[in-house]
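Colleague: I am attaching a structure below and will ask some questions about it afterwards.
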Amino acid sequence: MTTSWWIGGVEIPTRIVLAPMAGVSVQAFRRQGRRFGAGLVCSEMVSACGLSYGNERTLGYLRIARDEHPLAVQIFGSQPELLAEAAQMVVDAGADIVDINFGCPVRKVTKTGAGASALEDHDLACRLAGAVVEAVDVPVTVKMRRGVRNGSRTALDLGPKLEAIGVAALTLHPRSAQQMYTGFADHSLTAELVSRVAVPVMASGDIVDHSVATRVLADTGAAAVMIGRGAQGRPWARWLIYLSPLMHLSLLFFGAIFIAFELYRKYAGLGNKVRFVVVVLVNLGVIAVTRAQERGYSLLSVG
Ligand SMILES: Cc1cc2nc3c(=O)[nH]c(=O)nc-3n(C[C@H](O)[C@H](O)[C@H](O)COP(=O)(O)O)c2cc1C
2 MTTSWWIGGV EIPTRIVLAP MAGVSVQAFR RQGRRFGAGL VCSEMVSACG
52 LSYGNERTLG YLRIARDEHP LAVQIFGSQP ELLAEAAQMV VDAGADIVDI
102 NFGCPVRKVT KTGAGASALE DHDLACRLAG AVVEAVDVPV TVKMRRGVRN
152 GSRTALDLGP KLEAIGVAAL TLHPRSAQQM YTGFADHSLT AELVSRVAVP
202 VMASGDIVDH SVATRVLADT GAAAVMIGRG AQGRPWARWL IYLSPLMHLS
252 LLFFGAIFIA FELYRKYAGL GNKVRFVVVV LVNLGVIAVT RAQERGYSLL
302 SVG
């Protein structure tokens, strides 16, 4: 999980990638992601049309901080020239990688021919990706679902075509667009995609802890795991994936001992040993609550 790998000429320091999530993968989330062990972070999807019209809100998505690199900015669109133009703007803004969205299942996006609907039209998908590869010097990646309809495997055929036109890495979320987020991500398709292409593949879908992450990496041969909902509202979750549970627990334990020791030094002089014991107990309580929440118990919420 802690070895580095490459997308084109960009070194990615860990095998954990923070997923692009509209409305979630804002700059603060991405910066936290890098701090908590993600080797690569992705922006929310940015509309090529919005960039081309100079829409103020869309341009706001291109604000990039110094401490988030390496960063992939994701774009979507259905017109090759506009997508290429958007890619150039994204690179000018400082993105290390341009990612193209061929996975969004939302009707507002698919009805324009963008997002997951490009999976059904390989000719358009290749023209879109080819235009972007031509337009920029940084690596171009593509994120796909398995297909539009349930049971579709079209991403497995599209992957090698995209590789042939110069796409530097692929991400597969092996659910259909029709599935939205129901059912489960079938990572046997990820393994199949890995066997069909030479470029690195990122595995996305239902990866929520260290054991799932290591299993998916081992079973599929993917270069990295991409974490989405598992990291929402739980920035430390990426540490849970990055570090083994035992290491995580040890960190919490030694952290608590350190804090207790510091407080002991401060208060022991006052002879207030009771306060010291209370602080230790509170620390242990916080660890217990954190661990319980990680395991799905909601001790703090009502109802
Ligand atoms: C709220 C939300 C927004 C998302 N937005 C995007 C997006 O902008 N671009 C994209 O490629 N995928 C998007 N996704 C899909 C995720 O990147 C990811 O592939 C999917 O959630 C499966 O991974 P997970 O089970 O780890 O969440 C989004 C998912 C969620 C839940």
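2 is the number of the first residue of the sequence shown in the numbering used here; add one for each residue after it.
By construction, the Cβ of each residue, glycine as well, lies at the ideal position given by its N, Cα and C atoms.
In this text, all values refer to a predicted model and were calculated from it rather than measured experimentally.
#1: Just to check, is the beta-carbon of residue 33 closer than 7 angstroms to a non-hydrogen atom of ligand 1?
#2: Provide the residue span of the alpha helix (DSSP H) that contains residue 61, from first to last.
#3: Hey, how far is the Cα of residue 206 from the Cα of residue 280?
#4: Looking at ligand 1, does it come within less than 7 angstroms of residue 79, judged from the CB to the closest heavy atom?
#5: For the alpha helix (DSSP H) that contains residue 155, what are its first and last residues?
#6: Would you mind sorting residue 284 into buried or exposed? The rule is 16 or more other CB atoms within 10 Å of its CB.
#7: Could you give the first and the last residue of the continuous alpha helix (DSSP H) run that contains residue 34?
#8: Looking at the unbroken alpha helix (DSSP H) that takes in residue 112, where does it start and where does it end?
#9: Please report the distance separating the alpha-carbon of residue 159 from that of residue 123.
#10: Would you kindly report the start and end of the unbroken alpha helix (DSSP H) that includes residue 50?
#11: Taking three-plus beta-carbon pairs below 8 angstroms as touching, is the region 144-157 in contact with the region 188-201?
#12: Give the straight-line distance between the Cα atoms of residue 128 and residue 198, rounded to the nearest whole angstrom.
#13: Based on DSSP bridge pairs, tell me the residues matched to residue 148.
#14: Anyone know if the C-beta pair for residue 18 and residue 145 falls short of 8 angstroms?
#15: Assuming residue 198 is part of the alpha helix (DSSP H), what are its boundary residues?
#16: Check this for me: beta carbons of residue 52 and residue 96, under 8 angstroms apart or not?
#17: Would you decide whether residue 76 is buried or exposed? Buried here means 16 or more other CB atoms lie within 10 Å of its CB.
#18: Could you give the residue range of the beta strand (DSSP E) that holds residue 225?
#19: By how many angstroms is the C-alpha of residue 64 removed from the C-alpha of residue 48?
#20: Alpha carbon to alpha carbon, how far is residue 135 from residue 55? Give it in angstroms, no decimals.
#21: Under 7 angstroms: does the beta carbon of residue 21 sit that close to some heavy atom of ligand 1?
#22: In terms of residues, what are the limits of the beta strand (DSSP E) holding residue 12?
#23: What does a CB cutoff of less than 6 angstroms around residue 301 pick up in its chain, not counting 5 residues either side in sequence?
#24: Residue 225 and residue 7 - do their beta-carbons sit closer together than 8 angstroms?
#25: List the residues that DSSP assigns as beta-bridge partners of residue 77.
#26: Buried or exposed for residue 181, please, with buried defined as at least 16 other CB atoms from any protein chain shown within 10 angstroms of its CB.
#27: Going by beta-carbon coordinates alone, are residue 62 and residue 79 separated by less than 8 angstroms?
Modeller: The structure says:
#1: no
#2: 57-61
#3: 40 angstroms
#4: no
#5: 155-165
#6: buried
#7: 28-36
#8: No alpha helix (DSSP H) contains residue 112, which DSSP labels as neither H nor E.
#9: 6 angstroms
#10: 49-53
#11: yes
#12: 19 angstroms
#13: 177
#14: no
#15: Residue 198 -> no alpha helix (DSSP H), and no H or E assigned at all.
#16: no
#17: buried
#18: 225-228
#19: 15 angstroms
#20: 22 angstroms
#21: yes
#22: 11-13
#23: For residue 301, the predicted structure reports a pLDDT of 35, less than 50, and the residue's modelled location is therefore unreliable. A value from the coordinates is still provided. Answer for residue 301: no residue qualifies.
#24: no
#25: 48
#26: exposed
#27: no
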